[in-house]
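Trainee: Before I ask anything, here is the structure I am working with.
Protein chains: 2
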Amino acid sequence: MAVFSSDALSSVAYATEEILRALVLAGLGALTLGLPVAFAIALLFFTVTFSYRQTVFAYPSGGGSYIVAKDNLGLIPGLTAGAALLIDYILTVAVSVSSGIAAVTSAVPALYGHRVALCLLAVLLLVIGNLRGVRESGNIFSIPTYLFIASILVMNAVGIARWVLGGLPPAPAPSPPTGTLAPLTAFLVLRAFAGGCSALTGVEAISNGIQAFYEPVSKNAAKTLVYMAVLAVSMFLGISFLAHVLGIAPRETETVVSQIAHGVFGNSIFYYIVQAATMLVLVLAANTSFADFPRLSSILGRDGFLPRQFANRGDRLVFSNGIVILGLISAVLIVYFGGQTHSLIPLYAIGVFLSFTLSQSGMVVHWWRRRHEDPKWLTHAVINGTGAVVTFVVFVIEGVTKFTLGAWVVVVLIPLLVVVFLSIRRHYDAVAEDLRMDPAEVKVKPVRHIVVVPIAGIHRAVAATLAYARSLSDDIRAVHVAVNPEEAEKIRTKWEKWDTGIPLTILPSPYRSLTRPLLDYIDGIQQKEKAAVVTVVIAEFLPRRWWQFLLHNQSALWLTTILHFRPNTVVVNVPYHLKH
Amino acid sequence: MAVFSSDALSSVAYATEEILRALVLAGLGALTLGLPVAFAIALLFFTVTFSYRQTVFAYPSGGGSYIVAKDNLGLIPGLTAGAALLIDYILTVAVSVSSGIAAVTSAVPALYGHRVALCLLAVLLLVIGNLRGVRESGNIFSIPTYLFIASILVMNAVGIARWVLGGLPPAPAPSPPTGTLAPLTAFLVLRAFAGGCSALTGVEAISNGIQAFYEPVSKNAAKTLVYMAVLAVSMFLGISFLAHVLGIAPRETETVVSQIAHGVFGNSIFYYIVQAATMLVLVLAANTSFADFPRLSSILGRDGFLPRQFANRGDRLVFSNGIVILGLISAVLIVYFGGQTHSLIPLYAIGVFLSFTLSQSGMVVHWWRRRHEDPKWLTHAVINGTGAVVTFVVFVIEGVTKFTLGAWVVVVLIPLLVVVFLSIRRHYDAVAEDLRMDPAEVKVKPVRHIVVVPIAGIHRAVAATLAYARSLSDDIRAVHVAVNPEEAEKIRTKWEKWDTGIPLTILPSPYRSLTRPLLDYIDGIQQKEKAAVVTVVIAEFLPRRWWQFLLHNQSALWLTTILHFRPNTVVVNVPYHLKH
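Structure, rendered in structure tokens:
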């Protein structure tokens, strides 16, 4: 299933670069450590894969970290995993799009200055496409993934073959880093390792989307998971190896993959195929977040931890709110970080590893609970336990080595989000408690209400409004606020000629305020006749052209706003459609 | 009256600089022409002053260009003058504030980089001050004007005295302008003249604000006008003369006045007094626009050429709409032009001279009409005629020499605004015609209406909403849109237990849309029972904290918006105050 793999596979496009970017701080010589670090990450990748393979079998109906952690560890760990995942879906969009556009600007350096605009365009297209309900129809969407796999594998094969045959010239000597070099400490190596761990993002996508597989789903999903891991690790190791033998150092304006492709293919058509495939697979990876983020927020909305609106599908059967919010936040991130992948990476991955840890720990509890039914429970628990411990160690490494680079934001944000989730749920619970009633006990009796109609003049719109008010109640009071006393006198005279049977009160307004005298008048009514609801009926002009709205209704709008928050007051805007 | 003079007097702070900025394009040698150009402007100043002196006598109740031109020349010239003035009030704020902040950044060069922020801060303070209804209490506001007059006159006197005594060292030799020099053509001299004509802006302020003078108003206002002209011209000529003898060329980061003050006073306290007084008087000049712009737009609003809302005073007796709009547009201009006075100047003054011309031509017609009553009419007419001809010539010079520098914007904008004024008036007239009725002929009969109550669940808020709906009508229909069929079944069961006497219709929603089935249902009702108004009563939750709004009502809001534009449909939001 190419669709779910795109997220995990695409991260090899930037993982090697992140290792080298950390190591180069200690000088070009330190870059030789890139290969051992890459091997460590490959090992980690397989550990996590085997751990997740078990989740696929245990949760054939889809086991996202939120569900697994909530089921087995409890509410708070579940919400923590949910918060971590929401943050990481946003970052996936920002990182993947930035990195995809970096593949474009590496090939066409003239576009480098426009990278933020290009990133925003890509996000906009993703939002529009997903709002229109693009189905993840495997066929079309799998092409970029297969193209990417093929082009990277071919590049690696050709590169290694040329190296073996001695025909691979080293890349142009990189300029040594400026400024003072950092000492090559264990901390720096760990930071390189943490950066490279971004290769593991997306591994969980298969266990989330398990229901999209053919029967037997678990078996097929598990198989796909292993294939995907083997492919990802071999692509990643190949890239890291070629970067090593070509002596490539990270550059500001060209990605490491682009440098390798240049080294292997020169400026031929194959180079451009690699770049195009990289760009496409990264945009596709961002697209998976546009399915995952709205789905998770709809589950959280359904459970009452996010506004209920997230749980409602729009008319096109997509979760429009989640899509728009994901697009907006990731666009802000892209602008803030100037579309630079490596500036976003320190925030990334930490949330992924937290949710890995919670999910795998949850699986350990899951097996422990099934210890009487499942004779192999201990083997399962040990595999998931290993996964949990390893990912927890990586989580700590991520947090410590990247803390000052930006990871602190995520460390602060996750508990904050959990608090927000809980507050929302507490509010909904309290409201539901207040609103609960036994239908058999509550009688619906009409309330006594008085209708107040503010009158600005004597004309057809007022006549229509009064006619409508008549149909609501027999107790109608017309009022005119005398902002202009001469005008008020004219209205009084005309009113007397008008046989409405409705009394008109002229309210003096010494300070020319429209609202104050009216509010006082309504106060007066409500004090005299307790428990009465006052319905204020206001004429509203609906003109035929949008700009004409600016010419009408400002007073009506202001009055409506002011009255809206008064208890026992209902405002009714009666539309009057203008012919002009 | 220091308040009204601040606008006219303050323009001497940048007028000389604008002359020199044009001349320096032809090289440093061309700067010697600054003095003759300044004398021509001084002559123009007196011509305009004497022309306006007559307006003051003829319109003792205040003769703004809009009123004078409309009364004597007709509607279109009146609106043209009105448009020109509105634009110039906006530019006065932008130019005066930019120039005032330039006085600050000349004295404290470290602030130069923050000049846009400082300008916006000044505009914000002016908006807030005027919204709170700062009275133009002469005493406080006259201090900066007197301080400015005194400091400039002292600077000129000391400077000239030192020059006569031979003790005035020339300013540091200015660096010659880079790039190719323009030839010193008559066109360039006229452009310098046009730039310097910004000195005349603000002359009309006294005839606008005439009612603020003591009795006999016309005599006092005329006297003030002449004093003001003498002061302004002598300050302007003094500055131009000192700029000449000091050999000063305009600089990017220091104003000409600041350079002169440095030359005369060195870095002493007197230098800083000149700069502070300049800044204060310019901010005060911007403040006069905050009185003039809202006043003119309220007159235009009262006459139906701008939205009527402009004519309404707020609760603090200020025209809040005009103040806010003036602040916003001038802030946009300041940001767009980077807070640079000389970039704004090409747009400025052209509108002023157009309104001068229209106002003085109007006065000529005024005297012609009074030719049988007033024996001196010819003298008056000749003076105003001279004013009209001279200001028209300057208007043409302004338009031609600054056209490509930005004046074209104003040339396009003024007729456009006149068209907008006329369209607004035409709309209001058409609406008034439609709405007109004879009270004796129109009967207010209640309309037959049907109340529809959408039900999201069975709870207390719905009970309250139904009770309210009961009080509106006996014909109530409860509906539930079955977005979730299981939920709908539960509601049906509960409803049957509930003794409301109101029928419940469950609307199927195969596409999970909330609005579509409801709209179809209302269509159905309206087709069956023609001429009936449908009132849709929707419960609205009012929580206690603002952020909780995000957790409720999105569906209600969406429904309200959709229904709002349907004919014969009234939406009533019944507030339900939550305890949590």
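For the protein sequence lines, the chains are L and H, in the order given.
If you're matching positions, the first sequence starts at 119 in this note's numbering and goes up one per residue.
If you're matching positions, the second sequence starts at 119 in this note's numbering and goes up one per residue.
Don't be surprised by glycine CBs; every beta carbon is placed ideally from N, CA and C.
Remember, predicted model here, so these are calculated numbers, not experimental data.
Going by CA-CA distance only, name the one from H:V599, H:L622, H:W616 and H:E607 that's closest to Y629 (chain H).
Mentor: For this step, residue 629 (chain H) is matched to residue 511 along the second sequence. Ranking H:V599, H:L622, H:W616 and H:E607 by Cα distance to Y629 (chain H) puts H:V599 first.
Trainee: Tell me the rounded alpha-carbon separation between R139 (chain L) and S461 (chain L).
Mentor: Residue numbering aside, residue 139 (chain L) sits at position 21 when the first sequence is read from its first letter. Residue numbering aside, residue 461 (chain L) sits at position 343 when the first sequence is read from its first letter. Distance between the alpha carbons of R139 (chain L) and S461 (chain L) is about 11 Å.
Trainee: Taking only runs that begin and end inside the region 499-587 of chain H, name each unbroken alpha helix (DSSP H) of 4 or more residues, in chain order.
Mentor: 525-553
Trainee: DSSP on I643 (chain H), reduced to helix/strand/coil?
Mentor: Here residue 643 (chain H) refers to the residue found at position 525 of the second sequence. DSSP places I643 (chain H) in helix when its eight states are reduced to three.
Trainee: Please report the straight-line C-alpha distance between G381 (chain H) and P287 (chain H), rounded to a whole angstrom.
Mentor: The residue labelled residue 381 (chain H) in the question sits at position 263 within the second sequence. The residue labelled residue 287 (chain H) in the question sits at position 169 within the second sequence. Those two C-alpha atoms are separated by around 7 Å.
Trainee: In the region 589-617 of chain L, which residues sit with their C-beta less than 8 Å from some C-beta in chain H, listed in chain order?
Mentor: S589, L590, S591, V601, K612, W613, K615, W616 and D617
Trainee: Bridge partners of I656 (chain L), per DSSP?
Mentor: Against the first sequence, residue 656 (chain L) aligns to sequence position 538. According to DSSP, I656 (chain L) bridges with L:N691.
Trainee: Within 8 Å of any Cβ in chain H, is that where the Cβ of I643 (chain L) sits?
Mentor: Here residue 643 (chain L) refers to the residue found at position 525 when the first sequence is read from its first residue. False, the Cβ-Cβ gap to chain H never drops below 8 Å.
Trainee: Could you tell me which of H:V601, H:K646 and H:F437 sits nearest to S673 (chain H), measuring between CA atoms?
Mentor: Locating residue 673 (chain H) in the second sequence gives position 555, counting from the first residue. If we check each option's Cα against that of S673 (chain H), H:V601 comes out closest.
Trainee: Examine chain L for any beta-carbon lying closer than 8 Å to the beta-carbon of R420 (chain H), and answer yes or no.
Mentor: Along the second sequence, one-based indexing puts residue 420 (chain H) at 302. No, R420 (chain H) does not count as interfacial toward chain L.
Trainee: With a 10 Å radius around its C-beta and 16 neighbouring C-beta atoms as the bar for buried, classify T386 (chain H) as buried or exposed.
Mentor: Here residue 386 (chain H) refers to the residue found at position 268 of the second sequence. A quick correction: the sequence has Ser, not Thr, at residue 386 (chain H). Per the 10 Å Cβ criterion, exposed.
Trainee: Skipping 5 residues on each side, what residues in its chain have a beta carbon closer than 8 Å to that of D421 (chain L)?
Mentor: The residue you call residue 421 (chain L) lines up with position 303 of the first sequence. Cβ neighbours of D421 (chain L) beyond the five flanking positions: R543.
Trainee: Please report the Cβ distance between F354 (chain H) and T134 (chain H), rounded to the nearest whole angstrom; I am assuming they are in contact, meaning their Cβ atoms lie under 8 Å.
Mentor: Along the second sequence, one-based indexing puts residue 354 (chain H) at 236. Along the second sequence, one-based indexing puts residue 134 (chain H) at 16. Sure, about 7 Å apart at Cβ, within 8 Å.
Trainee: Which bits of chain L does P703 (chain H) rub up against, with CB to CB less than 7 Å?
Mentor: Here chain H covers residues 119 to 698 and nothing more, so residue 703 (chain H) does not appear.
Trainee: What is the DSSP secondary structure of I447 (chain L), counted as helix, strand or coil?
Mentor: For the purposes of this step, residue 447 (chain L) is identified with residue 329 of the first sequence, where counting begins at 1. Note: I447 (chain L) maps to helix in three-state DSSP.
Trainee: Over what stretch of residues does the alpha helix (DSSP H) that includes L343 (chain H) continue unbroken?
Mentor: Translated into positions along the second sequence, residue 343 (chain H) becomes position 225. Where L343 (chain H) is concerned, the enclosing alpha helix (DSSP H) starts and stops at V335 to L364.
Trainee: Given a cut-off of 8 Å on the beta-carbon distance, is the pair A300 (chain L) and L306 (chain L) in contact?
Mentor: The count along the first sequence starts at 1 and reaches residue 300 (chain L) at position 182. The count along the first sequence starts at 1 and reaches residue 306 (chain L) at position 188. If you check the CB distance, A300 (chain L) and L306 (chain L) come in under 8 Å.
Trainee: Does any residue of chain H have a CB that is nearer than 8 Å to the CB of F683 (chain L)?
Mentor: Locating residue 683 (chain L) in the first sequence gives position 565, where the first residue counts as 1. With 8 Å as the cut-off, F683 (chain L) counts as an interface residue toward chain H.
Trainee: So D683 (chain H) and L660 (chain L) are in contact, right, with Cβ under 8 Å, and what is the actual spacing, rounded?
Mentor: Within the second sequence, the letter at position 565 stands for residue 683 (chain H). Within the first sequence, the letter at position 542 stands for residue 660 (chain L). According to the sequence displayed, residue 683 (chain H) carries Phe and not Asp. With 8 Å as the limit, F683 (chain H) and L660 (chain L) qualify as a contact, their Cβ atoms being about 7 Å apart.
Trainee: Using a Cβ-Cβ cutoff of less than 6 Å, which residues in the same chain neighbour L668 (chain H) once the five nearest sequence positions on both sides are dropped?
Mentor: Mapped onto the second sequence, residue 668 (chain H) falls at position 550. Cβ neighbours of L668 (chain H) beyond the five flanking positions: none.
Trainee: Kindly identify the DSSP beta-bridge partner or partners of L625 (chain L).
Mentor: To locate residue 625 (chain L), count along the first sequence from 1; it is residue 507. Note: L625 (chain L) sits in a beta bridge opposite L:V599.
Trainee: Give the interface partners of D206 (chain L) over in chain H, defined as CB-CB distance under 9 Å, in chain order.
Mentor: By 1-based counting over the first sequence, the position of residue 206 (chain L) is 88. One finds nothing in chain H with a Cβ atom closer than 9 Å to the Cβ of D206 (chain L); even the nearest lies about 23 Å away.
Trainee: By how many angstroms is the C-alpha of P425 (chain L) removed from the C-alpha of E551 (chain H)?
Mentor: Start at 1 with the first residue of the second sequence, and residue 551 (chain H) comes out as number 433. Start at 1 with the first residue of the first sequence, and residue 425 (chain L) comes out as number 307. Whole-angstrom Cα-Cα distance: 48 Å.
Trainee: Residues in the same chain with beta-carbon distance under 6 Å from L398 (chain H), minus the five sequence neighbours each way, listed in chain order, please.
Mentor: Against the second sequence, residue 398 (chain H) aligns to sequence position 280. The beta carbon of L398 (chain H) lies closer than 6 Å to those of P262 in the same chain, with the five residues before and after it left out.
Trainee: Considering only C-alpha positions, which residue in the set L:A317, L:V580 and L:L465 is nearest to Y132 (chain L)?
Mentor: For this step, residue 132 (chain L) is matched to residue 14 along the first sequence. Nearest of L:A317, L:V580 and L:L465 to Y132 (chain L), Cα basis: L:A317.
Trainee: Determine the closest residue to A367 (chain H) out of H:V688, H:A291, H:A228 and H:R487, with distance taken between C-alpha atoms.
Mentor: As a first step, residue 367 (chain H) is located in the second sequence; it is residue number 249 there, counting from the start. The candidate whose alpha carbon is nearest that of A367 (chain H) is H:A291.
Trainee: Taking Cβ positions only, does I542 (chain H) come closer than 8 Å to chain L?
Mentor: Counting from one through the second sequence, the residue named residue 542 (chain H) turns up at place 424. Chain L contact via Cβ: present.
Trainee: For L153 (chain H), I'd like the list of residues in its chain whose CB is within less than 8 Å of its CB, leaving aside the five on either flank, ordered along the chain.
Mentor: What you label residue 153 (chain H) is simply residue 35 of the second sequence in a count that begins at 1. S358, F359 and H362.
Trainee: Can you tell me where the alpha helix (DSSP H) with R171 (chain H) in it begins and where it stops?
Mentor: Sequence index remark: in the second sequence, residue 171 (chain H) carries index 53 (1-based). Looking at the DSSP string, the run of the alpha helix (DSSP H) that includes R171 (chain H) is G152 to A176.
Trainee: Looking at the C-beta of Y546 (chain L), does it have a partner C-beta in chain H at a distance below 8 Å?
Mentor: As a first step, residue 546 (chain L) is located in the first sequence; it is residue number 428 there, counting from the start. Interface residue, yes.
Trainee: Under the DSSP definition of a beta bridge, which residues are partnered with I594 (chain H)?
Mentor: The residue you call residue 594 (chain H) lines up with position 476 of the second sequence. Beta-bridge pairing links I594 (chain H) to H:V569.
Trainee: Quick one: what does DSSP say V651 (chain H) is sitting in, helix, strand or coil?
Mentor: As a first step, residue 651 (chain H) is located in the second sequence; it is residue number 533 there, counting from the start. Strand.
Trainee: Got a sec, what are the start and stop residues for the alpha helix (DSSP H) Q393 (chain H) sits in?
Mentor: Residue mapping note: residue 393 (chain H) aligns to position 275 of the second sequence, counting from 1. Where Q393 (chain H) is concerned, the enclosing alpha helix (DSSP H) stretches over I387 to R420.
Trainee: Under 8 Å between the Cβ atoms of T373 (chain L) and S269 (chain L)?
Mentor: For the purposes of this step, residue 373 (chain L) is taken as the residue at position 255 of the first sequence. For the purposes of this step, residue 269 (chain L) is taken as the residue at position 151 of the first sequence. It is not a contact, given that the beta carbons lie outside the stated cut-off.
Trainee: Label V245 (chain L) either buried or exposed according to how many other C-beta atoms from any shown protein chain fall within 10 Å of its C-beta, with 16 as the threshold for buried.
Mentor: In the first sequence, the residue the question calls residue 245 (chain L) occupies position 127. Buried: at least 16 other Cβ atoms inside 10 Å.
Trainee: According to the Cβ coordinates, are M273 (chain H) and I378 (chain H) closer than 8 Å?
Mentor: For the purposes of this step, residue 273 (chain H) is taken as the residue at position 155 of the second sequence. For the purposes of this step, residue 378 (chain H) is taken as the residue at position 260 of the second sequence. Yes, the pair counts as a contact, with Cβ atoms nearer than the cut-off.
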